[in-house]
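Each protein sequence line maps, in turn, to chains L and D.
In terms of the working numbering, the first sequence has 817 at position 73, counting the first letter as 1, and numbering is strictly consecutive.
In terms of the working numbering, the second sequence has 1032 at position 288, counting the first letter as 1, and numbering is strictly consecutive.
Quick reminder that beta carbons are idealized off the backbone N, C-alpha and C, glycines included.
First the structure, in the form of structure tokens, and then the observations on it.
Protein chains: 2
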Amino acid sequence: MVTEHGLSDRKMKILHAVIKNYLETGEPVGSRTISKYTDLNLSSATIRNEMADLEELGYILQPHTSAGRIPSDKGYRLYVDMLMEEKEQELSEMQEQMLDKADKMEQLLKQAARVLASNTNYATMVSTPMNNSKKIKFIQLSMVDAEQVIAVIVLGGNVIKNKIIDVEEPLSNENLLKLNMLLNTTLNGMSIEEINLGLIARLKEQAGIHSSVISNVLDAVADAIQIEEDMQIYTSGATNIFKYPELSDNQSAQEIINAFEEKQQLTELVTQTLAKEDNTGIQVYIGDETPVQTMKDCSVVTATYELGDGMKGTIGIIGPKRMDYEHVLKSMKRLQNELDQMFHKKE
Amino acid sequence: MVTEHGLSDRKMKILHAVIKNYLETGEPVGSRTISKYTDLNLSSATIRNEMADLEELGYILQPHTSAGRIPSDKGYRLYVDMLMEEKEQELSEMQEQMLDKADKMEQLLKQAARVLASNTNYATMVSTPMNNSKKIKFIQLSMVDAEQVIAVIVLGGNVIKNKIIDVEEPLSNENLLKLNMLLNTTLNGMSIEEINLGLIARLKEQAGIHSSVISNVLDAVADAIQIEEDMQIYTSGATNIFKYPELSDNQSAQEIINAFEEKQQLTELVTQTLAKEDNTGIQVYIGDETPVQTMKDCSVVTATYELGDGMKGTIGIIGPKRMDYEHVLKSMKRLQNELDQMFHKKE
DNA sequence: GTTAGCACTCTATAATTTTGAGTGCTAACA
DNA sequence: TGTTAGCACTCAAAATTATAGAGTGCTAAC
């Protein structure tokens, strides 16, 4: 009996046994262990033969002669693919604990990262939702005092941007009104890409008389809109890394923790993840497959969640390659679902 | 010759030598080293006698018999007090590098933390400025669309808060105008403490007719003002902790890193620091003196910087007890100065 | 008061041995 | 032909022992 992977049923079972056992213990697993652990009723000698084959095929490997076997990246990949294929789990309700203090999205996402971390014992990250094609919903300028104007810009998904603008001379109420009209009629419903320099120039022109002040204001508005680097990333449980000796030994642990602190690389991870679209929105990167080289000794599991308006955010779990994939994937799906629902409810 | 500390001049010099040497090497320092290192021209035997005295007085201690001496917390304290007394250094200009991308305060503070970390090789944190007595400068409600109102509240120091409020029925322009008038005339110039439930009740009363909608709005406004937990803390270089074996050995390193990630404890640190007012605004906590127990094996140096309006923020450096205090204090003073100036310029 | 000299202590490092899990191979067996 | 018991061999990790050396405290002499 041979599966689509070209592995006999028995080899498959043995591979599974090796992986499962290694996930639990983190130690290389030997033939005798398998012989007892499984219900195959095979002697250790037979297992040894099979394992030799599996090694030759590249699914497992020996850290050194006369040690047991550990799964290779290829072995993990086979295992994960298998898990992913399994029919959608029934999605139980996520811990209520998340809803406790979650009145603001920020709080909610922080909480999500924290819950996930304590739930899985791995390092986690959650990014705030982003959208390349945000639309402007509302713009308003108001005088705060004689020398300052505040610009309030509401984008689709109720993302709010503010900008304080210094002006030399106060704008009259009338001018302010005109300007607001102009901005709203021109820009409302536009996506950020659509607002180019040409359009801005035209706006300035139309703004007319006070264009010196006004162009200043417009620049500021354009500036406020442009600032697209406001994707926040919340992390939790980075120190969980230390729970896995194979990661905490060398200084790669430090690099990972550092990546979590500086967040630059996580941003990269999010971007890449959002780019690769697939049906479930869940992706597993094993070892070298990762988009972030710092994590080449880890496995990274990411999931995409959606708000309305095409806003998308990312959840990520970073852990050792011997991650409890089954549990992680289940948790991911749950959280993904929860977030989806929560945000859609709010729409 | 005896100083105010009750230590002979010679003992003082030896203590200094021990500390300096230990700061550099991190190894216990022996009598022979001191004998050569200093210009005292004393034999190691004499040094030994003096060191025995210093140990009895509690300024230095032996990790184990037949090891050299290391400074005790008390020893560090003496040393640091001495440094603090020194006349203000001439404050050279801080690296321009900080100003590069610093168009927003957030960016600037992040950058500050980063610069400080790379400059000192310790872990650093910078908190956004806070003020318990923020005053309301400007309030405005506007309709975003038929069902949503946005409240914009500008506080002293140009801190801006936004809140989106769902309403069942649109507010008429007239009502909106009335409401804005009411809010501004009543609340402008008030500090947050002054706005109590009584005042809010009175406001609602005055709001009159549409009080069902309006009270909803007012609640939201009150809510937005209340949210005072928006102090952000930016950290950098947490992994520098690993550079000091005495910290990275035990799991206390993990706790520290974790504190840096979760930030809860740092908030505590900031609060405590701001509470203790002193002339220079710089404080050094050695070992157990720290307000945050997690860092009891470290030294923590904090400085307060000021915006106008009584807004204050905190800079912190966390490192091993054998921190290069001289350099750190100098850097702190510089950065403190830079931030002070930068913000005051903006006022 | 200072110093040379010396015995003693104790850690850290290196060198060595022991242990045991695990393998590969061979020969026997069903 | 596939499975298994048996055995010699390997190698990392743990335990043990030996060695080196930095540093001290004390004493006696200067």
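{"query": "Buried or exposed, going by whether 16 or more other CB atoms sit within 10 Å of the CB of Pro807 of chain D?", "result": "exposed"}
{"query": "Please specify which runs of the alpha helix (DSSP H), each continuous and at least 4 residues long, are wholly inside the region 906-949 of chain L, giving them in chain order.", "result": "917-931"}
{"query": "Using a cut-off of 7 Å between C-beta atoms, extract the partners of Asn1002 of chain L located in chain D.", "result": "Thr983"}
{"query": "In chain L, which residues lie less than 8 Å from Ser886 of chain D when you measure between Cβ atoms?", "result": "Phe882, Gln884, Val896"}
{"query": "Within the chosen definition, does the region 897-909 of chain D reach the region 887-898 of chain L through at least 3 CB pairs nearer than 8 Å?", "result": "yes"}
{"query": "Using CA atoms only, rank isn't needed, just tell me which of D:Pro873, D:Thr864, D:Ser862 is closest to Glu850 of chain D.", "result": "D:Pro873"}
{"query": "Mind checking the region 864-876 of chain D against chain L and listing, in chain order, the residues whose C-beta falls within less than 8 Å of any C-beta there?", "result": "none"}
{"query": "Using three-state DSSP, classify Lys755 of chain D as helix, strand or coil.", "result": "helix"}
{"query": "So, at 6 Å on beta carbons, what are the nonlocal neighbours of Met934 of chain L in its own chain, with the 5 sequence-adjacent residues on each side left out?", "result": "Ile880"}
{"query": "In three-state DSSP terms, what is Leu843 of chain D?", "result": "Confidence is the limiting factor: at Leu843 of chain D the pLDDT is only 41, short of 50, which leaves the residue's position unreliable, though a coordinate-based value still follows. Correct three-state label for Leu843 of chain D: helix."}
{"query": "Tyr866 of chain D and Ile1062 of chain D look like a contact to me (Cβ under 8 Å); what is the Cβ gap, rounded to whole Å?", "result": "6 Å"}
{"query": "Please list the segments of the alpha helix (DSSP H) lying wholly inside the region 985-1010 of chain L, counting only runs of 4 or more residues, in order along the chain.", "result": "989-992, 996-1006"}
{"query": "What do you get for Leu827 of chain L, buried or exposed, if any count of 16 or more other CB atoms within 10 angstroms of its CB means buried?", "result": "exposed"}
{"query": "CB-CB under 6 Å to Ile814 of chain D, same chain, minus the five flanking residues each way: which ones, in chain order?", "result": "Tyr766, Pro772"}
{"query": "Would you kindly check if the distance between the Cβ of Thr1034 of chain L and the Cβ of Cys1042 of chain L is under 8 Å?", "result": "yes"}
{"query": "Starting from Tyr823 of chain D, follow the beta strand (DSSP E) in both directions and report where the run begins and ends.", "result": "Here Tyr823 of chain D belongs to no beta strand (DSSP E); instead the alpha helix (DSSP H) covers 817-829."}
{"query": "Hey, quick one: how far does the alpha helix (DSSP H) through Gln806 of chain D stretch, first residue to last?", "result": "Per DSSP, Gln806 of chain D belongs to no alpha helix (DSSP H) and is neither H nor E."}
{"query": "Please identify, using Cβ separations under 8 Å, the residues of the region 1003-1016 of chain L that lie next to chain D, in order along the chain.", "result": "Phe1004, Glu1005, Glu1006"}
{"query": "Any idea if Arg946 of chain L is buried or exposed, counting beta-carbon neighbours within 10 angstroms, 16 or more meaning buried?", "result": "exposed"}
{"query": "Between the region 1016-1029 of chain L and the region 749-767 of chain D, do three or more beta carbon pairs fall short of 8 Å?", "result": "no"}
{"query": "Based on Cα-Cα distance, which residue from D:Asn984, D:Ser996, D:Asn928, D:Pro989 lies nearest to Ile1001 of chain L?", "result": "D:Asn984"}
{"query": "Tell me whether Asn1081 of chain L sits in a helix, a strand or coil according to DSSP, three-state version.", "result": "helix"}
{"query": "Can you say whether Val868 of chain L is buried or exposed, counting buried as having 16 or more other CB atoms within 10 angstroms of its CB?", "result": "The amino acid occupying residue 868 of chain L in the given sequence is Thr; Val does not appear at that position. That one is buried."}
{"query": "Name the chain L residues that come within less than 7 Å of Gln806 of chain D, Cβ to Cβ?", "result": "Ordered by position in chain L, no residue passes the 7 Å Cβ test against Gln806 of chain D, which lies about 31 Å from the chain."}
{"query": "Since Ser871 of chain L and Ile977 of chain L are thought to touch, with beta carbons under 8 Å apart, how far apart are those beta carbons, to the nearest angstrom?", "result": "5 Å"}
{"query": "From Tyr803 of chain D to Ala796 of chain D, what distance separates their C-alpha atoms?", "result": "10 Å"}
{"query": "In three-state DSSP terms, what is Met887 of chain L?", "result": "strand"}
{"query": "In terms of residues, what are the limits of the alpha helix (DSSP H) holding Met849 of chain L?", "result": "849-864"}
{"query": "When the cut-off is 8 Å and only beta carbons count, does Leu835 of chain L lie next to chain D?", "result": "In this predicted model, Leu835 of chain L has a pLDDT of only 42, less than 50, meaning its place in the structure is not dependable enough to derive any value."}
{"query": "Return the bridge partner residues of Thr1048 of chain L from the DSSP annotation.", "result": "L:Thr1058"}
{"query": "For the ligand ADP, I want to know if Ala789 of chain D counts as a neighbour, meaning its beta carbon is within less than 7 Å of at least one of the ligand's heavy atoms.", "result": "Because no ligand of any kind appears in the structure shown, any question about the ligand ADP cannot be addressed here."}
{"query": "On a Cα-Cα basis, can you pick out the residue from D:Ile944, D:Val911, D:Ile909, D:Leu759 that is closest to Leu926 of chain D?", "result": "D:Ile944"}
{"query": "Could you give the C-beta distance for Lys1040 of chain L and Gly1031 of chain L, rounded to a whole number, given that I count them as a contact under 8 Å?", "result": "6 Å"}
{"query": "So, helix, strand or coil for Phe776 of chain L, using DSSP?", "result": "For clarity, residue 776 of chain L is Arg in the given sequence; the question names Phe instead. Helix, per DSSP."}
{"query": "Of the residues that make up the region 905-918 of chain D, which ones have a beta carbon closer than 8 Å to any beta carbon in chain L?", "result": "Asn906, Ile908"}
{"query": "What's the C-alpha gap between Ile894 of chain D and Lys905 of chain L?", "result": "12 Å"}
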